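Our numbering applies: residue 177 is where the sequence shown begins, and numbers increase by one.
Glycine residues also receive a C-beta, built at the ideal position from the N, C-alpha and C atoms.
Computed from a predicted model, the values in this text were never measured in an experiment.
See below for the structure under consideration.
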Amino acid sequence: MPTTARAPIVKVVFASLVGTAVEWYDFFLYGSAAALVFGTLFFPKSDPVTGTLLAFGTYALGFVARPLGGVVFGHFGDRAGRKKMLIVALMMMGAATIAIGLLPTYASIGVGAPILLLICRLAQGFAVGGEWGGAVLMAAEHGDDARRGFWSSWPQAGVALGNLLATGVLWLLALVQSEEAFNSWGWRIPFLLSAVLVLVGLWVRLAVEESPVFREARAKLPVKNHQPLLEVIKRYPREIILAMGMRLAENIGYYLVTVISITYLTTFAGTSADKGKILTALLIGSAVQFVVVPLLGALSDRIGRRPLYLAGAIGIAVWSYVFFDLVGSRSEPKIILAVLVGLILHSLMYAPQAAFFAELFGTSVRYTGASVGYQLASILAGALAPIIALKLLGDVHHPNTTAVAIYMTVASVLTVLAVLASRETARSSLRHDRVLSVEEPAESRV
């Protein structure tokens, strides 16, 4: 691609990367805090495991709000444009995260504290439900067919960057603060830092232009009568189900490595003193994943989306049988190895996912379709994964890690079946639509 044509896509991809990193910094920060401190701060009447379960309950409700956010943001994103919705999502997420950093705890206001925490978490979930679809579509629809996997993988890398930032801040605080200071007030600092990140994200997102593919499709649509949710359910039901199936192993695998691992090490296999070890491993793993995801996205343009996805789904299932033994060893090198391999296997699915999902749906319903398929699966996968894993682990002194590995395997089998049922979409055109009354020329359809 000539340099003059490359500059706009680089600008768009950078904006998607930064904005997505900010959104997921906020979202992942909550998951880490739920595993580390929220159980005692907001649910102090419970024993440690029950308190953590209740904290993960509020964590899970953020996922429940994500499909609603996907539908609402997708509806307006398919009608009014991707860019406007991305700005709204970023502002909403930032406001909710800053509010969490200012919340009084149970010791201050009693039962009102977990209620306020729940409201903030629901707002986070709603916002991130609209973020993912818009961010990946801006990159996908600005990019060219031959390198869509590479360009679209950068917002996915933004997720790793967001986790890297969240984990890095927590790791730094754990390094310089006593556990007492962190539990008292230090945990608030990462949430309040979100204000700076949101301002940076808004600055870069305001500078990009609307998707040209969307502008072309919108010119052909009767916007007043356009109902994206109804149209995507009518025209693309199979694609929604397949996208949900493909999400299971990827989403459960990710939270197994990044969230469940923290609770397993600090509650089941070790003590809170081991917190620094798992945070160090997550920091290294997230940094490596940030580099690996775009490389795998580019590879998916050469060999296809399906081979990488299948390798990742099978790999994460096999690795789950090794993962807990490595983490439970309490050896920092082994913990790093467990997390690093887990995140690389996850990347095999996550890197091609943005392009894969975008290519499944027509332009006029792409924001809604990709978001609904992606976010509905988040309830079945990411929302329930920490809760189910904790229940399957069972007794603190004799955790059943094999049961969790079997749970991961079942999810992987379902994902493999979904990928096998899907067509290969690499290098296909995005200028296709089953909804448009005016058909595209035959040569531009998929």
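Taking residue i as the reference, which of the options has the closest Cα?
i, options, result
"Glu415", "His574, Val541, His318 and Gly195", "Val541"
"Glu535", "Gly286, Leu217 and Ser604", "Ser604"
"Val580", "Val589, Ala531 and Ser496", "Ser496"
"Gly319", "Thr196, Val408, Val389 and Met269", "Val389"
"Thr423", "Met584, Leu502 and Ala191", "Per the sequence shown, residue 423 should be read as Arg rather than Thr. Per the Cα distances, Met584."
"Arg323", "Ile582, Pro470, Val287 and Leu217", "Pro470"
"Thr196", "Ile460, Val384 and Trp308", "Trp308"
"Arg148", "Ala514, Val503, Ala463 and Leu418", "This structure cannot settle anything about residue 148, because the visible part of the chain is limited to 177 through 622."
"Thr447", "Ile479, Arg506, Val548 and Asn401", "Arg506"
"Phe500", "Leu459, Leu560, Leu566 and Ala474", "Leu566"
"Leu475", "Ser328, Ala209, Ile295 and Gly362", "Ser328"
"Gly245", "Asp477, Ser437 and Arg297", "Arg297"
"Val548", "Val408, Ala445 and Ala514", "Val408"
"Val374", "Val433, Ala272, Asn401 and Tyr431", "Ala272"
"Ala457", "Leu205, Glu508 and Ser354", "Glu508"
"Val589", "Val494, Phe532 and Arg381", "Val494"
"Leu237", "Val247, Pro220, Arg255 and Gly207", "Gly207"
Can you tell me the Cβ-Cβ gap for residue i and residue j, rounded? I've got them flagged as a contact below 8 Å.
i, j, result
"Lys259", "Glu356", "No, Lys259 and Glu356 are not in contact; Cβ-Cβ is about 45 Å, not under 8 Å."
"Gly564", "Pro243", "A small fix is needed here, since residue 564 is Ile in this sequence, not Gly. Actually they do not touch by this definition, with Cβ atoms about 19 Å apart."
"Thr539", "His251", "Not really, about 15 Å apart at Cβ, beyond 8 Å."
"Gly137", "Phe239", "The question about residue 137 has no answer, for the chain in this structure spans 177 to 622."
"Ile511", "Leu502", "6 Å"
"Leu348", "Tyr282", "Actually they do not touch by this definition, with Cβ atoms about 26 Å apart."
"Gly215", "Phe249", "Not a contact, Cβ separation roughly 31 Å."
"Ser370", "Gly270", "6 Å"
"Val188", "Met314", "6 Å"
"Ile274", "Leu368", "6 Å"
"Ala303", "Glu199", "7 Å"
"Val464", "Pro562", "Val464 to Pro562, Cβ: 23 Å. No contact."
"Leu459", "Leu340", "7 Å"
"Gly325", "Thr591", "Incorrect: roughly 18 Å between the Cβ atoms, too far for contact."
"Leu293", "Leu279", "6 Å"
Identify the continuous alpha helix (DSSP H) that holds residue i and give its terminal residues.
i, result
"Ala383", "Here Ala383 belongs to no alpha helix (DSSP H), and DSSP marks it neither H nor E."
"Gln332", "Arg324 to Val352"
"Phe533", "Glu508 to Leu536"
"Leu642", "No answer is possible for residue 642: it lies beyond the span of the chain, which begins at 177 and ends at 622."
"Tyr430", "Pro413 to Tyr431"
"Trp162", "No statement about residue 162 is possible, as the shown extent of the chain runs from 177 to 622 and does not include it."
"Leu596", "Thr577 to Ala597"
"Lys567", "Ala561 to Leu569"
"Trp363", "That residue, Trp363, is in no alpha helix (DSSP H); it is neither H nor E in DSSP."
"Val572", "Looking at the DSSP string, Val572 is not in any alpha helix (DSSP H), and its letter there is neither H nor E."
"Glu307", "Gly288 to His318"
"Ser284", "Tyr282 to Ile285"
"Ser554", "Arg542 to Ser554"
"Ile263", "Arg258 to Leu278"
"Phe214", "Unbroken run through Phe214: none, as it is neither H nor E."
Report the rounded CA-to-CA distance for residue i versus residue j, giving the unit in angstroms.
i, j, result
"Leu212", "Gln403", "43 Å"
"His574", "Thr439", "14 Å"
"Gly558", "Arg394", "34 Å"
"Gln332", "Ala316", "12 Å"
"Val194", "Gly518", "24 Å"
"Arg599", "Ala527", "17 Å"
"Pro178", "Glu426", "Note that Pro178 scores a pLDDT of 44, beneath 50, so its modelled location is shaky and nothing firm can be said."
"Val345", "Phe358", "12 Å"
"Phe190", "Ile276", "28 Å"
"Arg391", "Met261", "15 Å"
"Lys451", "Arg411", "48 Å"
"Ile454", "Leu441", "8 Å"
"Thr601", "Ile479", "11 Å"
"Asp571", "Ile365", "33 Å"
"Val376", "Ile185", "19 Å"
"Leu606", "Ala350", "46 Å"
"Val384", "Gly257", "12 Å"
"Ala445", "Gly504", "5 Å"
"Leu568", "Ala209", "22 Å"
"Phe203", "Gln529", "20 Å"
"Leu405", "Ile263", "21 Å"
"Arg428", "His608", "The sequence shown places Ile at residue 428, rather than the Arg named in the question. Each residue's alpha carbon lies about 32 Å from the other."
"Lys396", "Phe537", "17 Å"
"Leu430", "His522", "In the sequence under discussion, the amino acid at residue 430 is Tyr, which differs from the Leu named in the question. Each residue's alpha carbon lies about 6 Å from the other."
"Gly362", "Asp477", "44 Å"
"Ile285", "Phe532", "47 Å"
"Ser437", "Val380", "34 Å"
"Leu513", "Thr443", "20 Å"
"Leu516", "Asn576", "23 Å"
"Tyr312", "Leu432", "Just to set this straight, residue 312 is Val in the shown sequence, not Tyr. Answer to the nearest angstrom: the Cα atoms are 24 Å apart."
request  = Say whether the stretch 474-490 touches the stretch 592-601, bearing in mind that this needs 3 or more beta-carbon pairs closer than 8 Å, one atom from each stretch.
outcome  = yes
ask   = Okay, do the stretch 460-477 and the stretch 328-342 touch, 3+ Cβ pairs below 8 Å being the bar?
value = yes
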